[in-house]
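Numbering of the sequence shown is given in numbering that gives the first Met the number 0, commencing with residue 0 and proceeding in unit increments. For each residue, glycine too, the CB sits at the ideal point set by N, CA and C. These numbers come from a predicted model, not from an experiment.
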Amino acid sequence: MTLVVDTGPLVASVDRRDPRHRDVARIVRAAAERLVVPAPVTAEVDYLVRGRVGAEPARLLLEDMAAERYEVVSLEAHEHRLVADLDRQYGDLGLGLADLSVVVLARRFDTRRILTFDERDFRAVRPLQGGAFTLLPADR
């Protein structure tokens with residue numbers, strides 16, 4: 000099984016002041032599945048962590064990625080078409096590349112499980128393979 004990881008939980012994972020830090024740490028530690036992070040999410044996370052928490056926590060997160068605690072996955076060329084199509088379809092939500100890459104990689108890995116705090120958007124967006132997303136930690 001695969002769990003696709005969005006920006007917010009990664010930021011919370013290194014920000015001990017975040018009220019959701021413990022929930023995220025518990026989910027990540029207990030995860031028996033692969034934790035997939037879309038490459039566009041990593042840039043957003045690095046920017047936010049450095050601005051909110053500092054350079055050292057950002058480095059620790061990079062170390063986790065280098066140690067393959069998270070599997071960083073790039074979009075393939077044809078998947079950019081899917082991102083563009085989704086951006087058009089859900090334009091009123093103002094999602095952007097990071098969120099849309101979560102949706103596209105959920106399809107590639109045939110999962111509906113997303114680690115995210117962004118319930119508003121991911122409840123509105125439908126998985127490309129049908130059904131609805133399971134959002135952690137909300138749907139635990």
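Local conformation of residue i per DSSP, three classes
i	result
L94	coil
V110	In the sequence as displayed, the identity of residue 110 is Thr instead of Val. Three-state DSSP puts T110 in coil, outside helix and strand.
E67	coil
P37	strand
Under 9 Å between C-beta atoms of residue i and residue j
i	j	result
V13	V35	no
R15	P136	no
R112	V27	no
V103	F121	no
L85	L94	yes
R107	V71	no
A83	P39	no
T110	T41	no
L114	D5	yes
L127	L81	yes
Outcome for residue i when other beta-carbon atoms lying within 10 angstroms are tallied against a minimum of 16
i	result
G7	buried
D91	exposed
A54	exposed
A65	exposed
Integer-rounded CB distance, given that residue j should sit under 8 Å from residue i
i	j	result
V124	Y89	6 Å
L60	V44	7 Å
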